[in-house]
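So the structure is just underneath, and the comments pick up after that.
Protein chains: 2
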Amino acid sequence: MTQRAFRLDHFLPYLLNQAAERTGSKFEQVYRDTYGLTRTRWRVISHLGTLGDMTAAAISRSSHTEKTKVSRAVAALEAEGLVLRVPSTVDRRTELLQLTDAGRSLFVSLSAEADRFDQELRTALGTDIAARLEQTLRQLAVDALPKLPDK
Amino acid sequence: MTQRAFRLDHFLPYLLNQAAERTGSKFEQVYRDTYGLTRTRWRVISHLGTLGDMTAAAISRSSHTEKTKVSRAVAALEAEGLVLRVPSTVDRRTELLQLTDAGRSLFVSLSAEADRFDQELRTALGTDIAARLEQTLRQLAVDALPKLPDK
DNA sequence: ATTGAAATGTTGCATATGCAACGGATAACC
DNA sequence: GGTTATCCGTTGCATATGCAACATTTCAAT
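These protein sequences, in sequence, are chains S and U. Under my numbering, think of the first position of the first sequence as 74, with each following residue one higher. Under my numbering, think of the first position of the second sequence as 74, with each following residue one higher.
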């Protein structure tokens with residue numbers, strides 16, 4: 074019974090969390106200090122910027138973010154004049170969200186910085202390793218994860 | 074001026090966050106539902122379990138967790154009788170934290186589940202890919218990240 | 001048609017979090 | 001030695017978050 078001892082620093086969920094936290098908070102400095110955005114607000118902006126106009130529920134599903142978190146971020150962004158709500162005529166429960174001119178202009182500059190940051194990351198890791206990382210992460214993020222171990 | 078458009082779903086910090094969030098919340102079900110632990114409490118337990126007795130500040134540094142977050146987790150764990158504080162005689166600012174018998178027993182069962190979860194993850198990804206992922210994540214989590222792009 | 005189930009977005013409330021400030025203790029420095 | 005800076009752990013407070021509940025609207029089933 075050579076029982077391999079549990080090692081936190083080899084536990085993938087922990088390593089994923091650490092890597093995400095460090096990388097994310099590093100880039101967070103950009104949109105926080107320079108643009109006064111929170112993470113969820115940046116997430117909403119970047120969704121609208123890259124995926125086009127969409128509803129809050131769609132953003133919530135696409136980003137696996139609590140719908141109430143999205144709702145509050147949208148409210149703030151609307152108050153700041155960065156996002157516009159267009160009530161749908163077909164489904165009166167929903168409203169389509171779209172960037173205002175100010176919102177789009179913010180997205181353009183911020184996404185340029187994001188691109189640069191991403192490039193630096195990939196260069197530091199090595200482009201081939203970064204590409205493999207991206208593929209594996211997408212698998213973890215999107216595809217089905219293993220079921221929880223049955224006890 | 075073929076400007077490559079920013080794509081959120083190719084942005085490494087975003088993918089890292091998504092993968093970490095999904096993986097982490099999946100395993101969180103285990104320690105939350107079965108053992109009533111929060112993520113930070115599990116983090117403290119697993120640090121003490123794998124790295125031995127240490128101070129709150131050491132846990133904070135090792136896990137890149139706010140010291141106030143650690144402080145509160147420790148207070149809760151102490152109240153639940155899972156962690157013991159041993160004031161240091163040499164440095165009277167610090168207190169060494171250690172698992173009680175109950176705490177160690179909890180760690181033993183929980184780390185066994187963590188091992189199983191990790192194994193399932195690695196099997197799902199493929200063991201070689203998982204090993205490469207681990208190495209890359211450690212690099213991102215521990216090593217220096219690229220400086221923020223100069224504007 | 002009608003009834004029941006599900007989706008959308010918001011709010012209330014309890015809890016979690018981040019940040020600054022604090023008291024106490026040690027370290028650094030001159 | 002004495003002064004200053006730094007470290008440890010805690011607390012106060014403002015904000016963020018998660019979860020349940022809600023009103024409204026659409027969808028499903030019969």
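Virtual Cβ for every residue (Gly too), placed ideally from N, Cα, C.
Return no unless some Cβ of chain U is closer than 8 Å to the Cβ of residue i.
{"i": "G125 of chain S", "result": "no"}
{"i": "T209 of chain S", "result": "yes"}
{"i": "E139 of chain S", "result": "no"}
{"i": "R80 of chain S", "result": "yes"}
{"i": "I202 of chain S", "result": "yes"}
{"i": "H83 of chain S", "result": "yes"}
{"i": "D164 of chain S", "result": "no"}
{"i": "R114 of chain S", "result": "no"}
{"i": "L206 of chain S", "result": "yes"}
Given a cut-off of 8 Å on the beta-carbon distance, is the pair residue i and residue j in contact?
{"i": "A92 of chain U", "j": "L210 of chain S", "result": "yes"}
{"i": "L85 of chain U", "j": "E207 of chain S", "result": "yes"}
{"i": "S133 of chain U", "j": "V143 of chain U", "result": "yes"}
{"i": "V117 of chain U", "j": "E186 of chain U", "result": "no"}
{"i": "L213 of chain S", "j": "R112 of chain U", "result": "no"}
{"i": "R114 of chain U", "j": "L88 of chain U", "result": "no"}
{"i": "R205 of chain U", "j": "R205 of chain S", "result": "yes"}
{"i": "Q171 of chain U", "j": "V159 of chain U", "result": "yes"}
8 Å is my cut-off, CB to CB: does residue i come that close to chain S?
{"i": "L155 of chain U", "result": "no"}
{"i": "A146 of chain U", "result": "no"}
{"i": "G97 of chain U", "result": "yes"}
{"i": "E168 of chain U", "result": "no"}
{"i": "A187 of chain U", "result": "yes"}
{"i": "P160 of chain U", "result": "no"}
{"i": "Q171 of chain U", "result": "no"}
{"i": "S133 of chain U", "result": "no"}
{"i": "E94 of chain U", "result": "yes"}
{"i": "D174 of chain U", "result": "no"}
{"i": "N90 of chain U", "result": "yes"}
{"i": "A214 of chain U", "result": "yes"}
{"i": "L150 of chain U", "result": "no"}
{"i": "L198 of chain U", "result": "yes"}
{"i": "S178 of chain U", "result": "no"}
{"i": "L121 of chain U", "result": "no"}
In terms of residues, what are the limits of the alpha helix (DSSP H) holding residue i?
{"i": "T209 of chain S", "result": "T200 to V215"}
{"i": "A92 of chain S", "result": "L85 to Q102"}
Using 8 Å for Cβ pairs, my map puts residue i next to residue j. What's the rounded Cβ distance?
{"i": "G176 of chain S", "j": "V156 of chain S", "result": "6 Å"}
{"i": "S184 of chain U", "j": "S119 of chain U", "result": "7 Å"}
{"i": "L231 of chain S", "j": "T128 of chain S", "result": "Look at the range of chain S in this structure, 74 to 224, and you will see that residue 231 of chain S is not part of it."}
{"i": "T123 of chain U", "j": "F79 of chain S", "result": "6 Å"}
{"i": "G97 of chain S", "j": "N90 of chain U", "result": "5 Å"}
Q: Taking only runs that begin and end inside the stretch 115–196 of chain U, name each unbroken beta strand (DSSP E) of 3 or more residues, in chain order.
A: 156–160 and 168–172
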